[in-house]
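Input: a single structure, listed below in structure tokens.
Residue numbers (the numbering used here): 6 to 445.
Take a look at the structure:
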């Protein structure tokens with residue numbers, strides 16, 4: 006396989022040379038260029054099922070003032086929610102949504118964004134503000150709805166659910182067209198090399214029907230609509246959840262709402278949403294590709310298949326008696342993997358542009374400064390060539406649910422192996438509980 010750089014790539018090298026010469030080699034310690042984001046993320050991933058440390062909060066607050074503010078606000082909001090700080094989490098999510106709204110509504114690329122993109126050509130994508138993927142935006146609004154449910158504000162919870170549905174509809178319309186356009190833009194065949202680099206991920210990605218809709222969002226919305234008496238809306242979303250994640254449990258919900266008499270006398274439904282594990286972390290891979298002037302190294306993000314854990318159904322015990330098992334709604338780890346694979350074509354085109362441009366700068370430095378310039382350019386290019394491994398790292402590995410019907414007067418202890426949930430005197434027509442469980 007050969008890569009023939011476009012002519013336009015070579016035209017960049019004079020401008021990029023000037024940028025390079027203005028960028029001190031000492032800047033290799035700059036956070037945006039070379040810090041390992043995964044090491045940073047490990048600090049707050051550890052806080053998902055533990056109290057948030059003061060050090061973590063200070064770090065997130067500091068980062069929330071930078072170019073990746075939205076990402077760090079989402080991390081903060083998620084940690085606050087898993088620590089049952091619902092009011093604080095609601096405020097953090099809202100602050101993130103304000104930034105996302107500003108970015109999504111920009112009609113033109115700002116001067117600062119052009120500056121970041123120019124800088125990325127001589128460094129890497131980590132200097133560009135992180136763009137929150139659509140599936141992460143959908144989940145953010147689902148989590149905001151959970152905050153409002155916990156705060157007994159079902160009206161605001163409904164608003165968040167409808168926003169999540171709107172985002173999913175919008176990206177469904179745009180998705181196919183954008184994916185095909187990205188493949189054409191790449192203009193190269195890297196399939197053989199990429200197949201090797203992504204070995205083991207196809208099976209994981211294949212567990213997800215698409216990357217722009219998830220059954221977790223639809224099922225939780227349907228559960229909320231049913232609780233509010235909006236059964237027609239509930240039926241629509243239960244059917245959508247079943248389309249995305251076909252199983253007998255969701256199928257029974259569709260049948261139940263389709264039936265004229267769907268309520269059991271003297272009993273109340275309890276729906277438990279359970280989250281398991283953590284989404285896998287991205288890793289950096291390097292691929293050597295041939296060009297007319299020799300091999301060039303391209304770094305790109307991937308996942309280590311060994312860090313992915315398949316959803317494990319849990320037995321639900323009520324007062325010591327087994328009543329049902331949890332069922333998977335969305336494999337969020339697989340969703341992340343499939344999203345990354347779908348973006349490979351677009352990302353690879355950018356990587357080839359950058360690598361070719363940096364190679365031409367290195368060559369020009371050699372022409373101007375001799376061996377010293379050539380060596381300096383090579384050192385910089387090697388050090389700065391790294392993949393963008395940023396992502397919302399505190400998301401769960403998967404989301405599951407269980408639906409029970411109980412007597413309103415019962416006092417219950419619900420167990421999932423090592424975790425338990427106590428319910429007293431169930432009076433509302435529906436009880437929704439969210440369990441965050443890291444490991445079993």
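Backbone N, C-alpha and C fix where the C-beta goes; we use that ideal spot for every residue, glycine too.
Predicted model only: the values in this text are computed from it and were never measured.
Residue 314, DSSP secondary structure in three states: In the chain shown, counting from the first residue as 1, residue 314 sits at position 309. Note: residue 314 maps to coil in three-state DSSP.
Length of the line joining the Cα atoms of residue 276 and residue 291: The residue you call residue 276 lines up with position 271 of the chain shown. The residue you call residue 291 lines up with position 286 of the chain shown. Approximately 45 Å, taken between the alpha carbons.
For residue 89, which of helix, strand or coil comes out of DSSP? Here residue 89 corresponds to residue number 84 of the chain shown, with the count starting at 1. Reduced to three states, the DSSP call for residue 89 is coil.
From the DSSP output, in three-state form, read off residue 335 for me. Your numbering for residue 335 matches position 330 in the chain shown. Strand at residue 335.
Residue burial classification, residue 251 (beta-carbon count within 10 angstroms, cutoff 16): Residue mapping note: residue 251 aligns to position 246 of the chain shown, counting from 1. With fewer than 16 other Cβ atoms within 10 Å, it is exposed.
Report, in whole angstroms, the separation of the C-beta atoms of residue 49 and residue 80, which I expect to be a contact under 8 Å. As a position in the chain shown, residue 49 is number 44, starting the count at 1. As a position in the chain shown, residue 80 is number 75, starting the count at 1. That belief holds up - the Cβ atoms of residue 49 and residue 80 are roughly 6 Å apart, short of 8 Å.
Please work out which residues of its chain come closer than 8 Å, Cβ to Cβ, to residue 344, disregarding the five sequence neighbours upstream and downstream, and give them in chain order. Counted from its first residue, the chain shown places residue 344 at position 339. If we look at residue 344 and ignore the five residues flanking it on each side, its Cβ neighbours are 138, 140, 216.
Taking only three categories from DSSP, how would you classify residue 283? Reading the chain shown from its first residue, position 278 is the one you call residue 283. Reduced to three states, the DSSP call for residue 283 is coil.
Buried or exposed by the 16-neighbour rule on C-beta atoms within 10 Å, applied to residue 274: Here residue 274 corresponds to residue number 269 of the chain shown, with the count starting at 1. With 16 or more Cβ atoms within 10 Å of its Cβ, residue 274 is classed as buried.
Assuming residue 403 and residue 336 form a contact by the criterion Cβ under 8 Å, report the distance between their Cβ atoms to the nearest whole angstrom. Taking the chain shown and counting its residues from 1, the one referred to as residue 403 is at position 398. Taking the chain shown and counting its residues from 1, the one referred to as residue 336 is at position 331. Indeed they touch by this definition, with Cβ atoms about 5 Å apart.
Who pairs with residue 272 in a beta bridge, going by DSSP? Translated into positions along the chain shown, residue 272 becomes position 267. According to DSSP, which records beta bridges pairwise, residue 272 is partnered with 412.
Would residue 285 and residue 220 be called neighbours here (beta carbons separated by less than 8 Å)? The residue labelled residue 285 in the question sits at position 280 within the chain shown. The residue labelled residue 220 in the question sits at position 215 within the chain shown. In this structure, residue 220 does not lie closer than 8 Å to residue 285 by Cβ.
Relative to the C-alpha of residue 346, which residue among 180, 210, 53 is closest? If you number the chain shown from 1, residue 346 lands on position 341. Closest option to residue 346, Cα to Cα, is 210.
Considering just the uninterrupted stretch of the alpha helix (DSSP H) at residue 329, what are its terminal residues? By 1-based counting over the chain shown, the position of residue 329 is 324. It is not in any alpha helix (DSSP H) - residue 329 instead sits in the beta strand (DSSP E) that spans 326-330.
Pick from 395, 225, 206, 272: whose alpha carbon is nearest that of residue 279? Position 274 of the chain shown, counting from 1, holds the residue named residue 279. That would be 225, whose Cα lies nearest to the Cα of residue 279.
Please classify residue 291: does DSSP put it in a helix, a strand, or coil? As a first step, residue 291 must be located in the chain shown, where it is residue number 286. Strand, per DSSP.
Selected residue, minimal CA-CA separation from residue 167, among 155, 145, 156: Taking the chain shown and counting its residues from 1, one reaches residue 167 at position 162. The option with the nearest alpha carbon to residue 167 is 145.
So the beta strand (DSSP E) residue 53 belongs to, where does it begin and stop? Your numbering for residue 53 matches position 48 in the chain shown. From DSSP, residue 53 is part of no beta strand (DSSP E); its letter is neither H nor E.
Looking at residue 396: is its Cβ nearer than 8 Å to the Cβ of residue 305? Reading the chain shown from its first residue, position 391 is the one you call residue 396. Reading the chain shown from its first residue, position 300 is the one you call residue 305. No.
So, using beta-carbon positions, are residue 152 and residue 98 closer together than 8 Å? Here residue 152 corresponds to residue number 147 of the chain shown, with the count starting at 1. Here residue 98 corresponds to residue number 93 of the chain shown, with the count starting at 1. Yes, the Cβ-Cβ distance between residue 152 and residue 98 is below 8 Å.
For residue 303, write down the residues that DSSP places opposite it in a beta bridge. In the chain shown, residue 303 corresponds to position 298, counting from 1. According to DSSP, residue 303 bridges with 292.
Please work out which residues of its chain come closer than 6 Å, Cβ to Cβ, to residue 91, disregarding the five sequence neighbours upstream and downstream, and give them in chain order. For this step, residue 91 is matched to residue 86 along the chain shown. The residues are 152, 155, 156.
Per-residue DSSP class, three states only, for residue 319: Along the chain shown, read from residue 1 onward, the residue named residue 319 stands at position 314. Here residue 319 sits in coil by DSSP.
Mind checking which residues open and close the alpha helix (DSSP H) that includes residue 110? Here the question's residue 110 lines up with position 105 in the chain shown. Where residue 110 is concerned, there is no enclosing alpha helix (DSSP H), given that its DSSP letter is neither H nor E.
Which residue's Cα is closest to the Cα of residue 312: 205, 222, 177, 85? Against the chain shown, residue 312 aligns to sequence position 307. It is 205 whose Cα lies nearest to the Cα of residue 312.
Cβ pair residue 317, residue 281 closer than 8 Å: Counted from its first residue, the chain shown places residue 317 at position 312. Counted from its first residue, the chain shown places residue 281 at position 276. It is a contact, given that the beta carbons lie within the stated cut-off.
Rounded straight-line distance, which links the Cα of residue 394 to that of residue 57: For this step, residue 57 is matched to residue 52 along the chain shown. For this step, residue 394 is matched to residue 389 along the chain shown. Using only the alpha carbons, I get a separation of about 23 Å.
Could you tell me the boundaries of the alpha helix (DSSP H) in which residue 244 lies? To locate residue 244, count along the chain shown from 1; it is residue 239. Looking at the DSSP string, the run of the alpha helix (DSSP H) that includes residue 244 is 236-249.
Cβ shell of residue 258 (< 6 Å), same chain only, five flanking positions each side left out: Here residue 258 is taken as the residue at index 253 of the chain shown, counted from 1. Excluding sequence neighbours, residue 258 sits near 243.
What number of angstroms, rounded off, separates the C-alpha of residue 106 from the C-alpha of residue 260? Start at 1 with the first residue of the chain shown, and residue 106 comes out as number 101. Start at 1 with the first residue of the chain shown, and residue 260 comes out as number 255. Put simply, the backbone Cα of residue 106 is about 38 Å away from that of residue 260.
Our contact map puts residue 65 next to residue 135 with C-beta atoms below 8 Å; I'd like the distance itself, whole angstroms only. The residue you call residue 65 lines up with position 60 of the chain shown. The residue you call residue 135 lines up with position 130 of the chain shown. Not confirmed; about 14 Å, so no contact.
Give the C-beta separation of residue 230 and residue 239 to the nearest angstrom, bearing in mind that I take them to be a contact with Cβ-Cβ under 8 Å. As a working mapping, residue 230 is identified with position 225 in the chain shown. As a working mapping, residue 239 is identified with position 234 in the chain shown. That belief holds up - the Cβ atoms of residue 230 and residue 239 are roughly 4 Å apart, short of 8 Å.
Compute the distance between the beta-carbons of residue 95 and residue 149, then report whether it is under 8 Å. Position 90 of the chain shown, counting from 1, holds the residue named residue 95. Position 144 of the chain shown, counting from 1, holds the residue named residue 149. Yes. Within cutoff.
Under a Cβ-count criterion, where at least 16 other Cβ atoms within 10 Å of its own Cβ denotes burial, should residue 207 be classed as buried or exposed? Position 202 of the chain shown, counted from the first residue, corresponds to residue 207. Answer is exposed; the Cβ neighbour count stays below 16.
Reducing DSSP to helix, strand and coil, say where residue 140 ends up. Within the chain shown, the letter at position 135 stands for residue 140. In the structure shown, residue 140 sits in a helix (DSSP, three-state: H, G or I).
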